[in-house]
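Colleague:
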Amino acid sequence: MSSRTRMSRAYNAARRVTFNDDSKFIIFSDCHRGDNSFADDFANNRNIYFHALQDYYKNGFTYCEVGDGDELWENLFFKDIFEAHQNVYALMKLFYAENRLLRVVGNHDMVYLNQNFVEKNLFTYFDKITNKEAPLFPGIKFTEGLILEHETTGQEIFMMHGHQADWMNYVGWKFNRFMVRALWRQLQIFGIGDPTSPAKNYKELIKVERRTKRWIVENKNIFTITGHTHRPRFPEPGEIAFFNDGSCVHPRSITGLEIEKGEISLIKWHISTTEDGILKVGRVLLEGPQKLIDYKTE
């Protein structure tokens with residue numbers, strides 16, 4: 001199966017959600033939430049991420065997580081991840097209870113396409129206070145794609161993780177998972193990363209981006225948002241409509257895409273220092289806002 005076919009399949013089977021200019025979305029990917037060990041890349045930014053997500057919850061945003069939210073290559077059990085970051089999942093639970101959580105699978109959490117695994121691990125959790133099972137994300141389902149469809153203009157915003165353009169991380173994901181668990185996780189101690197990851201291999205990154213752009217052009221320049229490569233992208237109107245939200249595991253910062261008032265923006269949350277030496281989490285606008293309709297080709 002070619003990358004074109006994989007991306008088209010993700011589009012055709014995508015969950016569809018209608019929206020309008022009053023809708024608000026925050027799009028993050030590649031959180032790689034782990035077990036808070038030396039190999040947990042998310043741990044360094046978890047306070048930034050929690051503060052940002054809390055802000056979006058209070059301001060009525062819907063959270064779209066475009067793959068690799070949970071690090072299920074390095075970690076055998078979701079419960080280890082849950083226990084390491086319970087405050088994050090408690091917040092995500094609030095989003096979900098209000099129908100404001102939309103999750104897409106990536107290569108590192110591809111196992112979520114197995115609904116039996118999802119039911120066993122994500123529907124409930126063991127509450128140590130009550131000593132009973134409690135609801136977490138009851139009934140949640142994962143897809144490879146998500147399409148936001150504007151109620152008035154009909155414009156589509158297509159989201160997929162992006163590993164569909166990466167043969168080894170799509171078809172060969174189980175082999176890569178084995179290698180990460182058996183080898184690369186231990187080598188992280190010495191600063192050696194997985195060479196199969198496009199986020200750490202520039203040649204692979206370029207290949208993935210080239211294949212994705214080709215598919216977008218062949219499909220009438222459909223507005224497309226991915227993650228996977230960890231490299232933010234924000235094109236100008238008239239260019240190939242290929243966006244990337246970046247990741248939540250940048251050194252000391254996280255990046256994402258906001259959709260609000262019919263516009264899209266690339267943002268960064270990071271820790272800054274005030275003149276009084278106080279550390280605080282702040283939001284920085286990197287690109288935009290740009291009207292969504294400016295990217296409509298039909």
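Counting with full-length UniProt numbering, you get residues 1 to 298 for the letters of the sequence shown.
Note that beta-carbon positions come from the ideal geometry of N, C-alpha and C, so glycine has one too.
On a predicted model such as this, the values are computed, not experimentally measured, just so you know.
Across which residues does DSSP place R283 in a beta bridge pair?
Modeller: In DSSP, R283 forms a bridge with W269.
Colleague: For V88, which residues from the same chain have a beta carbon less than 8 Å from its beta carbon, with the 5 sequence-adjacent residues on both sides left out?
Modeller: If we look at V88 and ignore the five residues flanking it on each side, its Cβ neighbours are R33, R46, Y49, F50 and L53.
Colleague: Would you grab the beta carbon distance between D70 and I81 for me? Rounded to a whole angstrom, and I think it's under 8 Å.
Modeller: The beta-carbon separation of D70 and I81, rounded to 6 Å, stays under the 8 Å limit for a contact.
Colleague: With DSSP as the reference, label D127 as helix, strand or coil.
Modeller: strand
Colleague: Note down the Cα distance separating T255 from L285, rounded to an integer number of angstroms.
Modeller: 10 Å
Colleague: Report the rounded CA-to-CA distance for A43 versus C64, giving the unit in angstroms.
Modeller: 20 Å
Colleague: Taking only three categories from DSSP, how would you classify Q155?
Modeller: coil
Colleague: Tell me the DSSP secondary structure of S23 in three-state form.
Modeller: coil
Colleague: Could you tell me the distance, in whole angstroms, from the CA atom of N219 to the CA atom of E83?
Modeller: 42 Å
Colleague: Does the distance from the CB of T62 to the CB of K296 come in under 8 Å?
Modeller: no
Colleague: For the beta strand (DSSP E) containing T5, name the first residue and the last one.
Modeller: Here T5 belongs to no beta strand (DSSP E); instead the alpha helix (DSSP H) covers S3 to N12.
Colleague: Go ahead and label V171 buried or exposed: buried means 16 or more other beta carbons lie within 10 angstroms of its beta carbon, across all protein chains shown.
Modeller: Exposed is the call here.
Colleague: Can you give the beta carbon distance from S265 to E287, rounded, assuming they're within the 8 Å contact cut?
Modeller: 7 Å
Colleague: Give me, in chain order, the residues of the same chain whose beta-carbon lies closer than 7 Å to that of K261; leave out the 5 immediate sequence neighbours on both sides.
Modeller: D21
Colleague: Go through its chain and collect everything with a Cβ distance to S253's Cβ below 6 Å, but skip five positions before and after it.
Modeller: K268 and H270
Colleague: The alpha helix (DSSP H) with I48 in it runs from where to where?
Modeller: Going by DSSP, I48 is part of the alpha helix (DSSP H) stretching over R46 to K58.
Colleague: Return the bridge partner residues of K291 from the DSSP annotation.
Modeller: E263
Colleague: In the DSSP assignment, find the beta strand (DSSP E) that holds F243 and state where it starts and stops.
Modeller: F242 to N244
Colleague: Give the secondary structure of K213 by DSSP, where H, G and I count as helix, E and B as strand, and everything else as coil.
Modeller: helix
Colleague: Please report the residue range of the alpha helix (DSSP H) in which Y89 lies.
Modeller: Q86 to A97
Colleague: My output table needs one value for F223: the three-state DSSP class, helix, strand or coil.
Modeller: Of the three classes helix, strand and coil, the one that applies to F223 here is strand, per DSSP.
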